[in-house]
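The opening position of the sequence shown corresponds to residue 1 in full-length UniProt numbering, with each subsequent residue numbered one higher.
Ideal Cβ positions, reconstructed from N, Cα and C, are used throughout, including at glycine.
Presented below is the structure to which this report refers.
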Amino acid sequence: MELKLKKYNPFNLDHTLNCGQVFRWEKCGEWWEGVVNGVLIRLKQDKNSLFFHTYPHSINHEFLVNYFRLDDDLSEILSLIDRDDGIKEAIRAHHGLRLIRQDPWECLISYIIATNSNIPAIKRRIKALAERFGDEIIFDEKTFHVFPEPSVVAKATPDELKKCGVGYRVKYLLETAKMISDDPDLLEELKKPGYEELREELLKLPGVGYKVADCVSLFAFNKLKAFPVDLWVRRVMYQNYLRKEIPINPETGKEKPLTRSEYDMLRAFAWDHFGEYAGYAQEYLFYYKRNEQAMVSK
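Printed below as a string of structure tokens:
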């Protein structure tokens with residue numbers, strides 16, 4: 001099937017799926033493969049067309065428009081956040097990157113797993129969780145897995161979860177899964193409040209700190225003002241905007257841990273500088289900084 005992209009431009013599928021906001025898409029040749037809402041989706045972009053196949057159920061164009069936020073006026077958003085040379089270069093390098101509307105449950109668990117980890121490790125752990133607890137989808141002699149439901153994760157034993165490589169996060173996964181399994185409407189109810197109230201409610205969940213709450217607010221609950229701060233975003237904010245060095249621990253020579261007050265300061269700066277679409281600015285800066293570092297490391 002084909003979705004014409006002309007009225008949805010700009011859109012770049014590779015940047016959108018490779019920027020680190022989602023963890024269960026893999027590129028196989030020209031095609032991206034991922035399981036969303038229990039459906040295997042294969043995608044390929046060819047200029048102004050998005051070609052897709054699905055199994056075992058079909059999806060319509062509206063599903064993809066919603067998932068990839070093609071209803072966002074990205075040109076307008078980028079013009080509003082294009083406030084300085086740093087973000088301008090990030091926009092130029094990754095033009096067409098769009099945020100994704102993720103499933104709240106999968107997004108929440110993914111970002112709890114993601115704490116204090118790099119992207120390859122995050123992907124391995126989430127893949128292991130889906131393989132151990134999720135239903136199989138067999139297509140074209142390949143096996144894919146649906147992300148497990150809260151009730152399934154809640155019934156897992158600590159030892160079973162440890163085999164997924166999640167380490168100390170076992171307790172958080174079990175407790176959060178049980179809370180959501182016991183109250184199936186919890187995540188749906190969280191779609192109602194504004195950003196600050198939503199954030200406070202998310203912080204009540206086991207394993208959810210400020211960054212996880214902001215990631216889930218941004219990627220699963222449409223709070224485009226949310227500005228998650230991780231080590232990459234912290235570095236680019238100090239380098240490009242605060243124009244000073246990150247605090248260093250004199251004993252270790254390493255960066256000091258990000259404090260709550262520092263996090264709030266960076267978040268407030270981003271709101272003042274980028275405005276209501278600070279979340280889009282965050283993703284462009286994050287992806288650009290991570291790719292910049294990857295080039296330096298080669």
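Review point. Is F144 near the ligand NAP, with its Cβ less than 7 angstroms from a heavy atom?
Key: Absence of the ligand NAP is noted for the structure shown, with no ligands found whatsoever.
Check your understanding: Can we say the region 135-145 touches the region 29-40, given the rule of at least three CB pairs closer than 8 angstroms?
Key -> Between the region 135-145 and the region 29-40, the count of C-beta pairs closer than 8 angstroms reaches three or more; the two stretches touch.
Point to revise | Which of helix, strand or coil DSSP assigns to C107 | key: helix
Check your understanding: Enumerated in chain order, which unbroken segments of the alpha helix (DSSP H) with a length of 4 residues or greater are wholly contained in the region 45-118?
Key -> Runs of the alpha helix (DSSP H) inside the region 45-118: 61-67, 74-81, 85-93 and 104-113.
Check your understanding: Does the Cβ-Cβ distance between I248 and R235 come in under 8 angstroms?
Key -> No, the Cβ-Cβ distance between I248 and R235 is not below 8 angstroms.
Check your understanding: Who does C28 pair with in a DSSP beta bridge?
Key -> W31
Check your understanding: In whole angstroms, what is the alpha-carbon distance linking V170 and F23?
Key -> 19 angstroms
**Study point:** Beta-carbon separation (whole angstroms), S181 vs P206, contact threshold 8 angstroms
**Key:** The pair is not a contact, with the Cβ atoms about 13 angstroms apart (cut-off 8 angstroms).
Check your understanding: Any idea if S75 is buried or exposed, counting beta-carbon neighbours within 10 angstroms, 16 or more meaning buried?
Key -> exposed
Point to revise | Counterpart residues of V233 in DSSP-defined beta bridges | key: In the DSSP output, where bridge partners are listed per residue, V233 has none listed.
Review point. Should A130 and P148 be called a contact, given that it needs their Cβ atoms to be closer than 8 angstroms?
Key: Yes, these two residues count as a Cβ contact at 8 angstroms.
Point to revise | Backbone secondary structure at A208 - three-state DSSP | key: Before going on, a small fix: residue 208 reads as Val here, not Ala. Three-state result, V208: coil.
Point to revise | Secondary structure of F139, DSSP reduced to three states | key: Note: F139 maps to strand in three-state DSSP.
Check your understanding: When the distance is taken between beta carbons, is D230 closer than 8 angstroms to K254?
Key -> no
Practice item. Return the chain-ordered ranges of every alpha helix (DSSP H) run that is complete within the region 154-233 and spans a minimum of 4 residues. Key: 158-162, 170-182, 186-189, 195-202 and 210-220
Check your understanding: Around the C-beta of C164, are 16 or more other C-beta atoms found within 10 angstroms, so that it is buried, or is it exposed?
Key -> Burial call: buried.
Review point. With which residues is I126 paired in a DSSP beta bridge?
Key: DSSP output for I126 lists no bridge partner at all.
Exercise for review: Could you tell me if H145 is buried or exposed, where buried requires 16 or more neighbouring beta carbons within 10 angstroms of its beta carbon?
Suggested key: Around the beta carbon of H145, 16 or more other beta carbons lie within 10 angstroms, which makes this residue buried.
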